[in-house]
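Visitor: Please find one structure pasted underneath; my questions will follow.
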Amino acid sequence: MRYLTPYLFVLTPLALSANDFTLRVIDESGQPVADAELSVVLDRINDPRYASNEHILQRTDGAGSLHFTSRDDMCLARIDVKKSGHYPCLLDHRQHLSRFEPKQTRIITLPHRGRPIPLVVHEVYLSDARGPLPEKTWLGFDLEEGDLVAPHGKGVVTDFRLWLESTQDGWNVSPEDLRKAHTEGRLSQLSERDFTRRLGHWNSVVRLEFPEPGTGIMVEPRFWPYCELHMPPNAPEAGYLRDFEQTCSTRKPWTPEEEASGMFLRTRVQLAADGSILSAHYAKIMGRIQPGACEVKFRSYYNPAANDRNLEFDANHNLRGSPLRPGALEVRDP
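All residue numbers for the sequence shown refer to our numbering, where the first residue is 80 and numbers rise by one.
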């Protein structure tokens, strides 16, 4: 009689690989922020259901870090960071959180809430809509008034000189659509200036020049688009350059990373006999200067107090004397 040899079959669960995530929170000076509260949402890849999300609510350790793991089919969707005495931060798809990588380390800046003060803040929009805006000509700009110096605006003091230049580079529609736009619909009612501005491709250049000794501009490399405070609160003491140039083409729009930029300015400088600075005023431009077809836009913050480098804006106290331009909103970003 033959006997079957017994075999033992053991069923074991299939081990799932995991993603490792490390989030480091630092302040504006690069120091770790301990005990910061992080609310993290992870999405399951290719699964739009909210029920498949994973939510993590933890705090950073003494080194300002939070480490966690998740299944390999999960990716970061949203990170909220907050701590008392700091400006809150929100990171989402605009910071490419949905990118799938097995190991991710992200550094998040959580700046201190320091000493917000009243500032002169303007949403500047210069165009030829209110009258001729000379191009290829140096024009004085007054930061306190937020306007060009007379006779082109109501400005009085030239904080810097502005040069605008724009050239059309073809059309952004097909020849057939261009013909229809000229003869049919609302676009056919536009002036030639507005028609080409609307349907044309444009290459634009804006230059800033600071002719007075000691004045200048510097691009600030630290910019936090995900934070309520986008730039360091204080203008630097040194590092200013006498000129700046920025180009723009509608054929190649800026990426969100390229738009995340800011500048500090030093102006109205009085020098001592030895060339040292006795007095100066400071300002910042939040975001990029945006040149266009016979126009330029930017947001400026100006501190009217001499020798005060603080540019942390108290949004409830804008010292701007002029009314808002039609369609503009009050600036709330500090």
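Every residue, glycine too, gets a C-beta built ideally from N, C-alpha and C.
Of all the beta strand (DSSP E) runs that stay within the bounds of the stretch 345 to 376, which reach a length of 3 or more residues?
Guide: DSSP runs (the beta strand (DSSP E)) wholly in the stretch 345 to 376: 356 to 371.
Visitor: Can at least three beta-carbon pairs, one atom from the stretch 345 to 356 and one from the stretch 151 to 168, be found at a separation below 8 Å?
Guide: Output reads no: the stretch 151 to 168 does not touch the stretch 345 to 356.
Visitor: Let me confirm a value: Leu344 is counted as buried when at least 16 other C-beta atoms fall within 10 Å, else exposed. Which label applies?
Guide: So Leu344 ends up on the buried side.
Visitor: Reducing DSSP to helix, strand and coil, say where Ser149 ends up.
Guide: Reduced to three states, the DSSP call for Ser149 is strand.
Visitor: Which word fits Gly141, buried or exposed, when buried means at least 16 other C-beta atoms lie within 10 angstroms of its C-beta?
Guide: Gly141 comes out exposed.
Visitor: Per DSSP, which one or two residues make a beta bridge with Gly295?
Guide: Partner(s): Arg345.
Visitor: Have a look at the DSSP bridge pairing and note the partners of Leu414.
Guide: Residue 414 cannot be examined here, being either before or after the span of the chain that is shown, 80 to 413.
Visitor: Does the stretch 194 to 202 touch the stretch 218 to 228, meaning 3 or more C-beta pairs lie closer than 8 Å?
Guide: Yes, since at least three Cβ pairs between the stretch 218 to 228 and the stretch 194 to 202 fall closer than 8 Å, the two stretches touch.
Visitor: Rounded to whole angstroms, what's the CA-CA distance from Thr28 to Pro111? Just pull it up for me.
Guide: The requested residue 28 does not occur in the structure, where the chain is confined to residues 80 to 413.
Visitor: Excluding sequence positions up to five away, which residues of its chain have a Cβ less than 8 Å from the Cβ of Asp393?
Guide: Around Asp393: Pro195, Ile196, Pro197, Leu198 and Pro413.
Visitor: Cβ of Tyr305 within 9 Å of Cβ of Cys168?
Guide: In this structure, Cys168 lies closer than 9 Å to Tyr305 by Cβ.
Visitor: Alpha carbon to alpha carbon, how far is Lys259 from Phe302? Give it in angstroms, no decimals.
Guide: Each residue's alpha carbon lies about 44 Å from the other.
Visitor: Which two residues bound the contiguous alpha helix (DSSP H) that contains Phe274?
Guide: Note, Phe274: alpha helix (DSSP H), Glu271 to Leu278.
Visitor: On a Cα-Cα basis, can you pick out the residue from Asp99, Ser358 and Gly371 that is closest to Trp333?
Guide: Checking every option, the nearest Cα to that of Trp333 belongs to Gly371.
Visitor: Thinking just about the alpha-carbon of each residue, which of Leu145, Gly341, Glu288 and Asp256 is nearest to the one in Ala314?
Guide: Answer by Cα proximity: Gly341.
Visitor: Between Leu145 and Leu308, what straight-line distance do the alpha-carbon atoms span, to the nearest angstrom?
Guide: Distance between the alpha carbons of Leu145 and Leu308 is about 23 Å.
Visitor: Can you tell me whether DSSP reads Leu257 as helix, strand or coil?
Guide: Leu257 falls in the helix class under three-state DSSP.
Visitor: With Glu337 as the anchor, note down where its alpha helix (DSSP H) starts and where it stops.
Guide: Looking at the DSSP string, the run of the alpha helix (DSSP H) that includes Glu337 is Pro335 to Glu338.
Visitor: First and last residue of the beta strand (DSSP E) that includes Trp217?
Guide: Premise fails: Trp217 is in no beta strand (DSSP E) and is neither H nor E.
Visitor: Taking only three categories from DSSP, how would you classify Ala156?
Guide: If DSSP states are grouped into helix, strand and coil, Ala156 belongs with the strands.
Visitor: Helix or strand or just coil, what does DSSP make of Arg265?
Guide: Arg265: helix per DSSP, three-state reduction.
Visitor: Who are the Cβ neighbours of His191 in its own chain at under 7 Å, not counting the five residues just before and after it?
Guide: So the qualifying residues of the chain are Asp106, Glu107, Gly164 and His165.
Visitor: Can you list, in chain order, the residues of its chain with a C-beta nearer than 8 Å to that of Asn397? Leave out the 5 residues immediately preceding and following it.
Guide: Excluding sequence neighbours, Asn397 sits near Pro197, Leu198, Val199, Val200, Glu409 and Val410.
Visitor: Under a Cβ-count criterion, where at least 16 other Cβ atoms within 10 Å of its own Cβ denotes burial, should Thr237 be classed as buried or exposed?
Guide: The residue is buried, with at least 16 neighbouring Cβ atoms inside 10 Å.
Visitor: Tell me whether Tyr381 is buried or exposed, calling it buried when 16 or more other Cβ atoms sit within 10 Å of its Cβ.
Guide: Buried, by the Cβ-count rule.
Visitor: Taking the alpha-carbon positions, what's the Gly193 to Gly366 distance?
Guide: The alpha-carbon atoms of Gly193 and Gly366 are separated by roughly 21 Å.
Visitor: Using a 10 Å radius around the Cβ and a threshold of 16 neighbouring Cβ atoms, would you call Arg265 buried or exposed?
Guide: Exposed.
Visitor: Between Arg399 and the rest of its own chain, which residues show a CB-CB distance below 8 Å, the 5 nearest in sequence each way excluded?
Guide: Contacts found: Val199, Val200, His201 and Gly225.
Visitor: Along the chain, where does the beta strand (DSSP E) that runs through Pro197 open and close?
Guide: Counting along the chain, the beta strand (DSSP E) containing Pro197 begins and ends at Ile196 to Ser206.
Visitor: Is it true that the CB of Ser328 sits closer than 9 Å to the CB of His280?
Guide: Cβ atoms of His280 and Ser328: closer than 9 Å.
Visitor: Quick check on Lys182: buried or exposed, where buried means 16 or more other Cβ atoms within 10 Å of its Cβ?
Guide: With fewer than 16 Cβ atoms within 10 Å of its Cβ, Lys182 is classed as exposed.
Visitor: Is it the case that the Cβ atoms of Phe239 and Phe289 are separated by a distance below 9 Å?
Guide: In this structure, Phe289 lies closer than 9 Å to Phe239 by Cβ.
Visitor: With distances taken between CB atoms, is the gap from Arg286 to Glu255 smaller than 9 Å?
Guide: No. Outside cutoff.
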